[in-house]
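Peer 1:
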Amino acid sequence: MQPARKQERRYADPTVEERESATQVDTALVLRAKQGDRGAFEQLAQRHARRVYGLILRMLRGDREEAEDLAQDVWLSAYKGLDGFREESQFSTWVHRIAVNKTLNRLQKKVLPSRPLVNTNPEGEESTMEIPDTGETPEMAAQRHELQRAVVKALDKLSDTLRQVFVLRELHHMSHEEIAEMLGSNPQAIRVRLHRAKKELVTQLKPYLGAT
Amino acid sequence: MSSHETQNERLHDYLEGVLTAEDRQEFERHLETCTLCREEIHMVRRLDEVVATLPQPELPHRFMEKLSAALDEVDLEKGVKADSAPTAVAGRRTPGRRFPWWPALAAAAGLILAVGLFWPRVPKPVDSGSGGGTAAALQVWLAASDGNVSVAGGPASTTQVVPPESLLEAGQRSVLAIGKATEVRLEAGSQVKVRGDFLELSQGRIFVAERGEGLRVETPQAVVTPTGTDYEVLVEEGRTTVRVWEGRVKVAPRGSAGVELKAGEGLTVAGSDVRSVPATPDAFVEWNKRLKPAGGAPSPGAPLPKPPVSLRLPAPAYPVAAASRPVAKRPVAVRPGGYPAYPTARPVAVRPGVGPGAGRGVGYPVARPGKALVGRLPDGPGYPVRQVPGAAWRGGPPQGASQVVPEGGWQQPGGGWQRPGAEGQWPGAGAQRGAGSAGPGEPGWGRQPYPRAADPNIVTRDLPRPEPGYPGGANSGTYGPSGYESGSWQPPGP
């Protein structure tokens, strides 16, 4: 099937300019939201909901229902606790922290079934994947699609401890220090976990990544 | 020479560029001879590339709508809490107590005037309060006006938020809504400015129905801090006068300790000259008179209307056409059934005028007695709202709703109730959307499936029971609902 070509939206690390601009917008929206502007808060949610949901979904191994519930819970907590947000960190970091904490609590309470992480709808059927319109041929796109699926499956097989670190660092571009603070660890331990996670992924994905 | 295992542990640090120069050189020398490490580096880099291209998962279907509805719930909980404060205050306001209060006040005021004594100052020293409040910034919007109101020098509409630090000049009589329940009525010629968590009155007269929002009013001469009460502040000719009609108000002249005024007491401040004054609500009665229907104004000497001086005005204070005013962002609750027949009132349905469900065959949620339909209904360019017998607003009309109709039928113009068809048809049609026409026999009156399906924009909540003995409930006012049943607010007469 010809993959759909949609607006590119990936986990690529945003540029410094993008971050600064986004931070300024967030700061203004936070200010308005704190003054009781509900619309401003919803704009904040609109801006970050997808990433927060993605984070939770990855950490929960693709349990969409659970991820949606948790994501809703995260935003409600953020809404209720907005007055307590001191703006010492970025709003996105603050919300991600709430998401991580809630997800960790969730992981501690229940053993999650292993599920594929992407490109399946709730019925488990394969759905069309977003392929950035990069001008690549359908064959190249299909090859990349397969590789992405393989990466996600391998990620799913990692232990919770390693997967959390990998997701936070590689998909959400948090610093080792931020991750350490969220997970109650130290930056060096986070580095070690990240290396272990990558090592395991590389081992699992050797047939895909080894081909040059 | 280090072993492969030792060097391999440095691989990721090498890729991240955090090795010291010495370690990096050593690792690069190792790479020249180690195929395994070179392959691993290649694979890790490839992994990073693939990870960077992973698509972000799409948000679940209607995620934001569900979130919005959940936020409505949170807002409603806050609102119910906020509402509970005035309810508690109003609980004191039994009809038996309200009315006798007026002659008592008049007598007290007369006594004060007759004796001609200065009212004893500083009976209860209090903090000046200026700048000491920690309440959140005020949310203020212009709820109603006779016109000629400017905000920050520009013309203002009745849907406009009054931003902080902008001067509002009321060329004519106006009403400000603050937070969820507090209302401030401005006399023509008044000038106010929203200053963080307080209101600055620089000129003119305001009548405040403070309902637990922590609204502080500051004037050039004094700081006025109420606690859930009704009072008046007048600034003219370098003098601030405060009159309290209900509850208690702290008044602190600038630069000195304040006094606490009770209902029926007043204070006028000009520099160090502080005197007591009688607290008559005459000015407000005059202000309010013109809101009454024709013929409803009391003649001089006649008994005051009921309720005598309550600032709780009926819905016309909020023009129905103001469906797009910012308050629509807040949840609205429709309490089924009119007061005081609340327990046996018929259920009502809210029909969204816009948004999901409008004209698309999605049914309308139904509120049972004791429940409220709470919807964050979208702003729109004015969707007339129609109130029908048996349905009463709470917290203002449901913004964005075309109608609120009683489940089970519609009152026909000639009396009696038209009921849905036996096959389960609901009176009404998509043609009514936004038009405001809504009665049997009127254009657009048609048939469509009986409303049952839930609209995700609207959730059902339990409602607190209306306070007993308070006919008309929270929106009771100086006159009944007949003036706005038609759904079109008539500007007050001259």
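If you read the protein sequences in the order shown, they are chains A and B.
Following the numbering used here, the numbering of the first sequence begins with 1 at its first residue and continues without gaps.
Following the numbering used here, the numbering of the second sequence begins with 1001 at its first residue and continues without gaps.
Just so you know, even glycine gets a beta-carbon here, dropped at the ideal spot from N, CA and C.
Quick check: the segment 1049-1067 of chain B against the segment 1017-1035 of chain B, are there 3 or more CB pairs under 8 Å?
Peer 2: These segments do not touch.
Peer 1: With a cut-off of 8 Å, does the C-beta of leucine 209(A) fall near any C-beta of chain B?
Peer 2: Taking Cβ atoms only, chain B reaches closer than 8 Å to leucine 209(A), which makes this a yes.
Peer 1: From the DSSP output, in three-state form, read off alanine 1498(B) for me.
Peer 2: Absent from the structure is residue 1498(B), since the part of chain B shown begins at 1001 and ends at 1494.
Peer 1: Let me check one thing: in DSSP terms, what residues is serine 1190(B) bridge-paired to?
Peer 2: Per DSSP, Ala1170(B).
Peer 1: What residues in the segment 1041-1059 of chain B bring their beta carbon closer than 8 Å to a beta carbon of chain A?
Peer 2: Residues His1042, Met1043, Val1044, Arg1046, Leu1047, Asp1048, Val1050, Val1051, Ala1052, Thr1053, Leu1054, Pro1055, Gln1056, Pro1057, Glu1058, Leu1059.
Peer 1: Around the Cβ of glutamate 1165(B), are there at least 16 other Cβ atoms within 10 angstroms (buried) or fewer (exposed)?
Peer 2: It counts as exposed.
Peer 1: Going along chain A, which residues have a C-beta under 9 Å from valine 1074(B)?
Peer 2: By Cβ distance, chain A contributes Leu76, Tyr79, Lys80.
Peer 1: Between the segment 35-51 of chain A and the segment 1060-1068 of chain B, are three or more C-beta pairs nearer than 8 Å?
Peer 2: Result yes; three or more Cβ-Cβ pairs closer than 8 Å.
Peer 1: In its own chain, which residues sit with a C-beta less than 6 Å from the C-beta of leucine 1201(B), not counting the 5 before and 5 after it?
Peer 2: Correct list, in chain order: Val1192, Val1217, Thr1219, Val1233, Val1235.
Peer 1: Under 9 Å Cβ-Cβ, which residues of chain A neighbour leucine 1071(B)?
Peer 2: Those within 9 Å of leucine 1071(B) in chain A are Arg38, Phe41, Glu42, Ala45, Trp75, Leu76, Tyr79.
Peer 1: Within its chain, find whatever has a CB closer than 7 Å to the CB of proline 1253(B); leave out the 5 residues flanking it on each side and keep chain order.
Peer 2: Here the set comprises Gln1221, Ala1222, Val1269, Val1274.
Peer 1: Quick check on proline 948(B): does DSSP put it in helix, strand or coil?
Peer 2: The structure shown does not extend to residue 948(B), since chain B is modelled only from 1001 through 1494, so no value can be given for it.
Peer 1: Distance, Cα to Cα, alanine 1263(B) vs valine 1184(B)?
Peer 2: Going from the Cα of alanine 1263(B) to the Cα of valine 1184(B) covers about 18 Å.
Peer 1: Within the 8 Å Cβ cut-off, does leucine 201(A) reach chain D?
Peer 2: Of the chains in the structure shown, none is chain D; the protein chains are A and B.
Peer 1: Alpha carbon to alpha carbon, how far is leucine 76(A) from lysine 153(A)? Give it in angstroms, no decimals.
Peer 2: Lysine 153(A) and leucine 76(A): Cα-Cα distance of roughly 31 Å.
Peer 1: With a threshold of 7 Å, establish whether the CB of threonine 1219(B) neighbours any heavy atom of the ligand FMN.
Peer 2: Absence of the ligand FMN from the depicted structure is noted, as is the absence of any ligand whatsoever, leaving it without description.
Peer 1: Show which residues of chain B have a CB atom less than 9 Å away from the CB atom of histidine 195(A).
Peer 2: Within 9 Å Cβ-Cβ: Glu1009, Leu1011, His1012, Asp1013.
Peer 1: So, helix, strand or coil for glutamine 1007(B), using DSSP?
Peer 2: Correct three-state label for glutamine 1007(B): helix.
Peer 1: Which of helix, strand or coil does DSSP assign to arginine 61(A)?
Peer 2: In the structure shown, arginine 61(A) sits in coil (DSSP, three-state: anything other than H, G, I, E or B).
Peer 1: Just checking: is the beta-carbon of alanine 49(A) within a distance shorter than 8 Å of some beta-carbon in chain B?
Peer 2: Output row for alanine 49(A): interface = yes.
Peer 1: With a cut-off of 8 Å on the beta carbons, I'd call methionine 182(A) and valine 100(A) a contact; round off their distance for me.
Peer 2: Going by Cβ atoms, the distance from methionine 182(A) to valine 100(A) rounds to 5 Å, so yes, they are a contact pair.
Peer 1: Can you tell me whether glutamate 1200(B) is helix, strand or coil according to DSSP?
Peer 2: Glutamate 1200(B) falls in the strand class under three-state DSSP.
Peer 1: On the premise that leucine 1186(B) lies in contact with leucine 1176(B), defined as a C-beta separation below 8 Å, what is that separation, rounded to the nearest angstrom?
Peer 2: Sure, about 7 Å apart at Cβ, within 8 Å.
Peer 1: Any chance the segment 147-163 of chain A sits against the segment 199-210 of chain A, with 3 or more Cβ pairs inside 8 Å?
Peer 2: Segments in contact, yes.
Peer 1: Would you report the Cα separation of threonine 93(A) and leucine 1047(B), rounded to the nearest angstrom?
Peer 2: Roughly 25 Å between the two C-alpha positions.
Peer 1: From the beta carbon of lysine 198(A), is the nearest beta carbon of chain B less than 8 Å away?
Peer 2: Interface residue, yes.
Peer 1: Are the C-beta atoms of lysine 1066(B) and some chain A residue less than 8 Å apart?
Peer 2: Yes, lysine 1066(B) lies at the interface with chain A (some Cβ there is under 8 Å from its Cβ).
Peer 1: If you draw a straight line from the C-alpha of glutamate 68(A) to the C-alpha of glycine 62(A), how long is it?
Peer 2: When rounded, the distance between both Cα atoms is 10 Å.
Peer 1: When you compare the CB of alanine 1137(B) with every CB in chain A, is at least one pair closer than 8 Å?
Peer 2: With 8 Å as the cut-off, alanine 1137(B) counts as an interface residue toward chain A.
Peer 1: Per DSSP, what are the beta-bridge partners of leucine 1261(B) in this structure?
Peer 2: DSSP lists Val1249(B) as partners of leucine 1261(B).
Peer 1: Name the chain A residues that come within less than 8 Å of phenylalanine 1063(B), Cβ to Cβ?
Peer 2: Per Cβ cutoff of 8 Å: Ala49, Tyr53, Glu68, Ala71, Gln72.
Peer 1: Rounded to a whole number of angstroms, what is the C-alpha to C-alpha distance between glutamate 177(A) and asparagine 1008(B)?
Peer 2: So the alpha carbons of these two residues sit roughly 24 Å apart.
Peer 1: Check whether the Cβ atoms of alanine 1137(B) and glutamine 72(A) lie closer than 8 Å to each other.
Peer 2: No; because the gap between Cβ atoms is not below 8 Å, this pair is not in contact.
Peer 1: Using a threshold of 8 Å, state whether the C-beta atoms of alanine 78(A) and isoleucine 56(A) are closer than that.
Peer 2: No, they are not a contact pair.
Peer 1: Reducing DSSP to helix, strand and coil, say where serine 1150(B) ends up.
Peer 2: Three-state result, serine 1150(B): strand.
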